[in-house]
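Notes follow once the structure below has been shown.
Residue numbers (the working numbering): 309 to 545.
Following this line, the structure appears as structure tokens:
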């Protein structure tokens, strides 16, 4: 049967935007090469026209140059058309990429929305409010416990303002009596140092002539420092 009817050929996939862009760019490069060759010929004809005199020869060169210029203009038109096609394909490619990005964004948002809904089912605002109320009650109870544990023992609580003022007046009177007797309050007076000499009953140190015993004064004359005086005659010898 295959020999009679043949085999159905598989359809080739349509070219993508990138394939079409690459093909047009290749065509544009070939057209640019042709335009460069024509520019080189025109420059050569320009030099020939300058060197030849006016006449049939110069006119022939001008005719050839005109033909090359027409070809150049035709190729330039084709190049502009190819550039416009490339620009349109770039716009289509940009739009297609934008649609793909939008699709991916929508897919991600749907997945996130589904996950968020599942998470919200496990969290209820009533439970949060109830937990907050319980936390406030626990904090109040904790404060009461701390105040109860910080209470002082054996401290009279029946002291009023009159008792306080009376205690302060009595303290001020005691301080006034101390200041009248000594001129300086007792708590401001310096501490007196004990007299060690009086406690030990030590004799006083000798001063001046009293330091030399009377027996030595009668036996030999001394100076004011208690040293013996040497006679002048001995000094002369």
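Glycine included, each C-beta is placed from N, C-alpha and C at the ideal position. Please read these numbers as outputs of a predicted model, since none were measured by experiment.
For residue j and residue i, the rounded distance between their alpha carbons
i	j	result
residue 331	residue 355	37 Å
residue 416	residue 404	19 Å
residue 348	residue 373	11 Å
residue 485	residue 470	23 Å
residue 385	residue 379	10 Å
residue 381	residue 389	12 Å
residue 516	residue 532	With a pLDDT of only 49 at residue 516, under the threshold of 50, the placement of this residue in the model should not be trusted; the figure read from the coordinates follows. Cα-Cα distance, rounded: 7 Å.
residue 425	residue 435	17 Å
residue 427	residue 411	24 Å
residue 320	residue 341	32 Å
residue 457	residue 451	10 Å
residue 449	residue 479	43 Å
residue 437	residue 443	10 Å
residue 433	residue 423	18 Å
residue 453	residue 446	10 Å
residue 323	residue 409	21 Å
residue 552	residue 418	A query on residue 552 cannot be resolved here, the shown segment of the chain reaching from 309 to 545 and no further.
residue 327	residue 401	11 Å
Three-state secondary structure (DSSP) of residue i
i	result
residue 336	helix
residue 459	coil
residue 394	helix
residue 363	coil
residue 263	This structure cannot speak to residue 263, because the chain is shown only from 309 to 545.
Cut-off 8 Å between Cβ atoms - residues of its own chain near residue i, not counting five sequence neighbours on either side
i	result
residue 398	329
residue 357	366, 369, 370 and 373
residue 394	329, 332, 333 and 336
Within 8 Å, strictly: CB atoms of residue i and residue j
i	j	result
residue 339	residue 387	yes
residue 592	residue 376	The question about residue 592 has no answer here: the residues shown for the chain are numbered 309 through 545.
residue 343	residue 383	yes
Contacts around residue i, its chain only, beta-carbon distance under 6 Å, and the 5 residues preceding and following it disregarded
i	result
residue 544	Low per-residue confidence applies at residue 544: pLDDT is 49, beneath 50, and the placement is therefore not dependable enough to give any value.
residue 518	Residue placement at residue 518 is flagged as unreliable, the pLDDT there being 47, under the threshold of 50; a coordinate-derived value is accordingly withheld.
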